[in-house]
Amino acid sequence: MLAVGAHRGISLPLPGADLEGVLINTSLLRDVRLGKEVKIGKRVVVLGGGNVAFDCARTSLRLGATEVHLACLEPSGGMLATANEIEEGEEEGIVIHCSHTFLRIVGDNGHVSGVECLDVRSFAFEANGRLRLDTIAGSEHIIPADTVIFAVGQVPELELVEGISDIKLVRRRFLEVDSTTLATGKEGVFAAGDAVTGTTSVIEAIDAARKAASAIDKYLGGSGEIDETLVDTEKPSPYLGREEGFADRNRVSTPLLAVEQRVKGFAQVEFGFDEAGSIGEAERCLQCDLRCEISPVPTPPEKKSESKLKRLALSSKGSLA
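Residue numbers -10 to 310, in the working numbering, belong to the letters of the sequence shown in order.
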């Protein structure tokens, strides 16, 4: 089973991509995480608009950069990064340039000095994956930088399949598999996850792994059934004895470290909820239609006081008389 992920960052084939001061997303982040020395200039430009691009931009601030720009192809409403990454990045002072394409990396004496960009009116991908751009004539401009970081995606490290003729690649970057069984062209070898699809979500990777596990079980003579029931299940009774009016509740904001403290180092930025926040966030689950299947939580019988028990006993005697 090949599930090697997509951990190798890639660069764009731009003139100047080999200049000193050009870095790759995953290499930068890995070295920082391992505590290695990473040299970052004072003016950084990150090329890309996803979460990893923002990771690189925000990491650059924490490494001592005084000015960080992020340039991407997508318009402001179509960036690939999540809303909270964009918002927190802007709070920390990252300057975002949307609807940009990159012409070349310019340099001075062998070192990066900036990125030449062109404004994009619109773009689309053709059926063969080729990018089609509608650019604005005469909009060429340079964003100054002494460090440029490519954060335009990752690919799997596929040296492990080099020389195996039966295992084919898609666009020379990803493993080719059967869409149903996830089998490669090599007998008995299956593949799943980012090595097949490119970077997606954890949920999609888990789903692919389950599909592959079922196919492998069948290949080995099994039924393909991989589910296991660990405890007996019972049908919960409908329970609607709750107050409605929760449909318009919004997500509870995660407490964050103050901006001026964030950029000074690698301290934790997001914190857990306090009691009130935890309750508020949990109550949003009532928006789910499954609330109709929630059974009431069983509680122990109420402990009756001694005086109440005496009154009940006297009442019983009276009724018997």
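Each residue gets a CB set at the ideal place from its N, CA and C atoms; glycine is no exception. Small disclaimer: the values here were computed from a predicted structure and weren't measured.
Among V27, P133 and A198, the one whose alpha carbon lies nearest that of M(-10)
The shortest C-alpha separation from M(-10) is found at A198.
Contact between the region 96 to 115 and the region 66 to 74 is defined here as three or more beta-carbon pairs at a separation below 8 Å; is this criterion met?
Result no; under three Cβ-Cβ pairs closer than 8 Å.
Consult DSSP for I268 and reduce its assignment to one of helix, strand or coil.
Assignment of I268 by DSSP, reduced to helix, strand and coil, places it in the helix class.
What first and last residue would you give for the beta strand (DSSP E) that runs through L12?
Per DSSP, L12 belongs to the beta strand (DSSP E) from V11 to I13.
Give the list of continuous alpha helix (DSSP H) stretches no shorter than 4 residues that lie fully inside the region -3 to 62.
For secondary structure counted as the alpha helix (DSSP H) over 4 or more consecutive residues, the region -3 to 62 holds these complete runs in sequence order: 14 to 22 and 40 to 51.
D20 versus V220: straight-line alpha-carbon distance, rounded
Rounded to the nearest angstrom, the two C-alpha atoms are 44 Å apart.
Quick one: grab the DSSP three-state call for V191.
V191 carries a helical assignment under DSSP once its states are collapsed to helix, strand and coil.
Please classify N117 as buried or exposed, where buried requires at least 16 neighbouring CB atoms within 10 angstroms.
N117 should be labelled exposed.
Would you call the region 245 to 262 and the region 74 to 87 touching, i.e. three or more CB-CB distances under 8 Å?
Touching, yes, given that three or more Cβ pairs across the two stretches are closer than 8 Å.
One question on the structure: do T90 and L59 come within less than 9 Å of each other, judged by their Cβ atoms?
Their beta carbons are not under 9 Å apart, which means T90 does not touch L59 by this criterion.
Rounded to whole angstroms, what's the CA-CA distance from V33 to E76? Just pull it up for me.
Annotation: V33 to E76 spans about 19 Å, alpha carbon to alpha carbon.
Over the uninterrupted beta strand (DSSP E) stretch that includes A113, give me the two end residues.
H100 to F114 is the span of the beta strand (DSSP E), which, as asked, contains A113.
Between which two residues does the alpha helix (DSSP H) carrying G152 extend?
G152 -> no alpha helix (DSSP H), and no H or E assigned at all.
Give the secondary structure of I83 by DSSP, where H, G and I count as helix, E and B as strand, and everything else as coil.
Look at I83 here: in three-state DSSP terms it is coil, with no helix or strand label.
Locate the beta strand (DSSP E) running through T136, then write down its first and last residues.
Counting along the chain, the unbroken beta strand (DSSP E) around T136 starts and ends at T136 to F139.
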